[in-house]
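A.B. asks:
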Ligand code: F6P
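Numbering (our numbering), first residue to last: 13 to 339.
#1: Could you name the residues whose beta carbon sits closer than 6 Å to any heavy atom belonging to the ligand F6P, keeping them in chain order?
#2: So what's residue 85 in DSSP terms, helix, strand or just coil?
#3: With which residues is residue 303 paired in a DSSP beta bridge?
#4: For residue 192, collect the residues of the same chain with a Cβ closer than 8 Å to its Cβ; drop the 5 residues on either side in sequence, then sort them by chain order.
#5: Name, in chain order, the residues that DSSP records as bridge partners for residue 210.
#6: Taking only three categories from DSSP, how would you classify residue 285?
#7: Checking the sheet assignment: what are the DSSP bridge partners for residue 183?
#8: When the Cα atoms are used, what is the spatial distance from residue 129 to residue 288?
#9: So, helix, strand or coil for residue 109, using DSSP?
#10: What residues match up with residue 114 in a beta bridge as DSSP calls it?
#11: Given 8 Å as the limit, tell me if residue 16 has its C-beta closer than that to any heavy atom belonging to the ligand HEM.
#12: Tell whether a beta-carbon distance below 9 Å holds between residue 282 and residue 294.
#13: Suppose you measure from the CA of residue 222 to the CA of residue 199; what does that come to, to the nearest Å?
#14: Would you say the segment 164-171 touches the segment 117-133, given that touching needs at least three Cβ pairs under 8 Å?
#15: Give the DSSP-derived three-state secondary structure of residue 296 in the structure shown.
#16: When the distance is taken between beta carbons, is residue 146 closer than 9 Å to residue 323?
#17: Between the Cα of residue 174 and those of 311, 242, 230, spot the shortest distance and give me the residue it belongs to.
#18: Taking 8 Å as the cut-off, does the segment 264-279 touch the segment 98-107 (at least 3 CB pairs, one atom from each stretch)?
#19: For residue 4 and residue 291, what's the separation of their Cα atoms in angstroms?
#20: Looking at the secondary structure, which residues open and close the beta strand (DSSP E) in which residue 66 lies?
#21: Residue range of the beta strand (DSSP E) that residue 51 falls in?
#22: Give the straight-line distance between the Cα atoms of residue 149 and residue 266, rounded to the nearest whole angstrom.
#23: So does the segment 70-78 actually touch the segment 21-37, counting three or more Cβ pairs closer than 8 Å?
Given below as structure tokens:
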């Protein structure tokens, strides 16, 4: 096996809090192992364009606490084409980069996997997405911070919901996964949580909200995952619910991209640091074409093919917790 002299690092897809901490860990693990490190701006797009910078241990000072990614991120359309990937490979050769750490979500790993197949180029993926939807890892970088952002926002919404005896529908991110909705919903004490993994249907939702009213609740919070399949968008859903109650005002809050920003939580900083170092260790040990993940607190390597084959399974027992605690 050829000794690695130069490792590239990039962040790709939707940014997530803790990506900077992961880059920092990669850079410092390279330094620890006497390997050069090159940062690639704007994910695969920057790679295709050769937009790179040499990074040393001091280049990543004061970033562990910063949200976003200082290397910036992009969803590259060009990398979908064989031609684009060939250009990326040529740039890697030009910059003498021997291996790559790609921090991102399933789209990032799908790209990495094809790239590996075509060019036999060593890549380790590091799961960075607020969605927590990657198979093979219990947690992704940024998810914990996003949960905390969501419950902080819902706590505030609850104050006004309570003052006005209103029902609030709060839409959270997660793409096709309900992890953010389910966990933040429990954490924020939501009355109902709508997730794509379990379609409760509008009628059951209305019945349940009626029961809540009868039991003496004057205000309610319903957390709705953006990928929920109840069949109506959140504004239509609000209208439908309002039409089924007398004198119950319904309001909608779409939390949107505030969930992707902000300083990473301690959990995300530590996770990012472990995964970043682990990725470099894996490359130096000759691993490639895998994602590094965390399972039961231990670092594991998961083939890209497995990581992108589906999403993380949701813990349906949590739905029971949500049902009981919202009585
Ligand atoms: O994957 C992260 C995520 O924030 C999803 O939760 C959301 O569906 C999507 O990205 C939004 O993407 P964009 O920032 O491109 O609008």
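Glycine included, every Cβ here is placed at the ideal spot set by N, Cα and C.
C.D. replies: Taking the structure as given:
#1: Those satisfying the condition are, in chain order, 26, 117, 141, 142, 143, 185, 186, 187, 238, 272.
#2: Looking at residue 85 - three-state DSSP - the assignment turns out to be coil, as it is neither helix nor strand.
#3: For residue 303, the beta-bridge partners assigned by DSSP are 137, 314.
#4: So the qualifying residues of the chain are 142, 143, 144, 155, 158, 159, 162, 184, 185, 186, 237, 271.
#5: Looking at the DSSP assignment, residue 210 forms a beta bridge with 207.
#6: Note: residue 285 maps to helix in three-state DSSP.
#7: Beta-bridge pairing links residue 183 to 236, 266.
#8: Looking at the two C-alpha atoms, the distance is approximately 23 Å.
#9: DSSP places residue 109 in coil when its eight states are reduced to three.
#10: In the DSSP output, where bridge partners are listed per residue, residue 114 has 22, 137.
#11: The ligand content of the structure shown is limited to the ligand F6P, which means the ligand HEM is not among them.
#12: Not a contact, by the Cβ cut-off of 9 Å.
#13: C-alpha separation (whole angstroms): 22 Å.
#14: With a cut-off of 8 Å, the segment 117-133 and the segment 164-171 do not count as touching, because too few Cβ pairs lie within range.
#15: In the three-state scheme derived from DSSP, where H, G and I count as helix and E and B as strand, residue 296 is classed as helix.
#16: Result yes, Cβ atoms of residue 323 and residue 146 sit closer than 9 Å.
#17: For residue 174, the nearest C-alpha among the options comes from 230.
#18: They do not touch, by the three-pair rule.
#19: The requested residue 4 does not occur in the structure, where the chain is confined to residues 13 to 339.
#20: Unbroken beta strand (DSSP E) run through residue 66: 64-67.
#21: 48-52 is the span of the beta strand (DSSP E), which, as asked, contains residue 51.
#22: Distance between the alpha carbons of residue 149 and residue 266: 28 Å.
#23: In this structure the segment 70-78 lies against the segment 21-37, because at least three pairs of beta carbons, one per stretch, are closer than 8 Å.
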